[in-house]
Amino acid sequence: MKGIVYKSTGSWYHVKTEDGTFIECRIKGKFRIKGIKSTNPISVGDLVEFDLETSADVHTGLIHTIAERKNYIVRKSVNLSKQIHIIASNIDQVFLMVTINNPVTTTSFIDRFLVTAEAYGIKTVIVFNKIDTFDDEALDEQLYLQHTYTQIGYECLRASASERKGLDAIKEKMIGKVSMFSGHSGVGKSTLINAIEPTLNLKTAVISEQHQQGQHTTTFAEMFDLSFDAQIIDTPGIRGFGIVDMEKQEVGNYFPEFFALKNDCKFNNCLHREEPHCAVKDALDNDQIAWSRYRSYTQILDGDDEHYRSDIYADGKGEV
Ligand code: GDP
Ligand code: ZN
Numbered sequence: 000m001k002g003i004v005y006k007s008t009g010s011w012y013h014v015k016t017e018d019g020t021f022i023e024c025r026i027k028g029k030f031r032i033k034g035i036k037s038t039n040p041i042s043v044g045d046l047v048e049f050d051l052e053t054s055a056d057v058h059t060g061l062i063h064t065i066a067e068r069k070n071y072i073v074r075k076s077v078n079l080s081k082q083i084h085i086i087a088s089n090i091d092q093v094f095l096m097v098t099i100n101n102p103v104t105t106t107s108f109i110d111r112f113l114v115t116a117e118a119y120g121i122k123t124v125i126v127f128n129k130i131d132t133f134d135d136e137a138l139d140e141q142l143y144l145q146h147t148y149t150q151i152g153y154e155c156l157r158a159s160a161s162e163r164k165g166l167d168a169i170k171e172k173m174i175g176k177v178s179m180f181s182g183h184s185g186v187g188k189s190t191l192i193n194a195i196e197p198t199l200n201l202k203t204a205v206i207s208e209q210h211q212q213g214q215h216t217t218t219f220a221e222m223f224d225l226s227f228d229a230q231i232i233d234t235p236g237i238r239g240f241g242i243v244d245m246e247k248q249e250v251g252n253y254f255p256e257f258f259a260l261k262n263d264c265k266f267n268n269c270l271h272r273e274e275p276h277c278a279v280k281d282a283l284d285n286d287q288i289a290w291s292r293y294r295s296y297t298q299i300l301d302g303d304d305e306h307y308r309s310d311i312y313a314d315g316k317g318e319v
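The opening position of the sequence shown corresponds to residue 0 in numbering that gives the first Met the number 0, with each subsequent residue numbered one higher.
See the structure below:
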């Protein structure tokens, strides 16, 4: 039988089968996936195959195969620093929720998030929330950011979760897909998700309150079916993707507008800094690349990221 992992609790996996029923599954023997040193062999979002076992009228499953992952997000294991913990896999898209004020979402934060999502191979949709609170200045700023990111190729939406504006466009994008919601604490993730699906009571809010009290919470991701043929993966306690460990050479590949110009740089290993005849610097001088993007790029290259605590670690896109 085939199914998708919705939740994992220790050694048991809550698997939804093709006919919509849930079966508790375990893993057959020692299960290792080539190339990944992770504490958990299977994560939420995995497509698995299992054998049904029945004893005393109780059905359980024994997982023997896991399908190749389209992508996955990880964090460093708490105990074994060399190992990673796979939080979730096969994510179709992430909605990055951004607010201009209250809290302020900086372009550094946005760009760092986008770079990580690119490295993971996950599509990002930017949602500017709290548009109901905008004064002229905030509106200018938001429209400028929307213009900047739309030009690069990122889809941007505007919403007011509390006034239920812009929800239909978000729902439409979610149909038939597995989505995640990210962004700083307080940007309105819970409000938005509750407005989209009032019966869904995600743990996000509760957990982040605990975080503020300095308690450590373990992350248990969980997948939820929504009423309109869409899934959400909730990752309590995780607000961003953290930072992906990557080579300096790689960073520019995850800025799509830099990547597009890369072949026009004189040196094929150009870091777009001091090198002569750099197409990225030329584009910057001609206002074809936003300064804020270039600044974020150099901050990442310089490892100037102390205040972006590295929650999650990834070895790039990683082969399964
Ligand atoms: P989360 O931490 O990202 O889940 O954020 P919450 O959903 O808990 O929202 C944080 C605060 O912002 C709450 O007081 C919400 O009522 C408020 N909020 C959320 N969305 C909006 C919005 O679109 N407009 C306004 N004015 N307030 C909002
Ligand atoms: Zn260059």
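Virtual Cβ for every residue (Gly too), placed ideally from N, Cα, C.
Could you tell me the alpha carbon to alpha carbon distance between residue i and residue j, rounded to whole angstroms?
i	j	result
residue 223	residue 177	9 angstroms
residue 169	residue 154	11 angstroms
residue 5	residue 187	24 angstroms
residue 110	residue 295	6 angstroms
residue 143	residue 152	14 angstroms
residue 105	residue 68	32 angstroms
residue 232	residue 198	16 angstroms
residue 157	residue 135	16 angstroms
residue 89	residue 14	15 angstroms
residue 271	residue 279	6 angstroms
residue 113	residue 86	18 angstroms
residue 282	residue 288	6 angstroms
residue 137	residue 292	19 angstroms
residue 244	residue 74	11 angstroms
residue 246	residue 116	16 angstroms
residue 17	residue 102	41 angstroms
residue 261	residue 269	8 angstroms
residue 286	residue 124	24 angstroms
residue 179	residue 220	11 angstroms
Helix, strand or coil for residue i? Go by DSSP, reduced to three states.
i	result
residue 8	strand
residue 90	coil
residue 13	strand
residue 18	coil
residue 26	strand
residue 270	coil
residue 227	coil
residue 283	helix
residue 127	strand
residue 258	helix
residue 198	coil
residue 38	coil
residue 98	coil
residue 233	strand
On the DSSP letters alone, give me the boundaries of the alpha helix (DSSP H) that residue i sits inside.
i	result
residue 146	135-151
residue 320	Here the chain has residues from 0 to 319 only, and residue 320 is not among them.
residue 291	290-300
residue 195	188-195
residue 249	247-250
residue 154	It is not in any alpha helix (DSSP H) - residue 154 instead sits in the beta strand (DSSP E) that spans 154-157.
For the beta strand (DSSP E) holding residue i, just list the boundary residues, first then last.
i	result
residue 59	57-65
residue 171	Premise fails: residue 171 lies in the alpha helix (DSSP H), 166-173, not in any beta strand (DSSP E).
residue 219	Note, residue 219: premise wrong, no beta strand (DSSP E); not H, not E.
residue 50	46-54
residue 184	Residue 184 -> no beta strand (DSSP E), and no H or E assigned at all.
contact_flag[the segment 241-261, the segment 42-56] where n(CB pairs < 8 angstroms) is 3 or more: no
Touching by the beta-carbon criterion (3+ pairs, under 8 angstroms), the segment 121-129 and the segment 91-102: yes
Three-pair Cβ contact test at 8 angstroms for the segment 185-198 versus the segment 160-168: yes
Cβ contact check for the segment 17-25 and the segment 57-72: 3 or more pairs under 8 angstroms: yes
Pocket of ligand 2 defined by Cβ to heavy atom distance under 5 angstroms: 264, 269, 271, 277, 279
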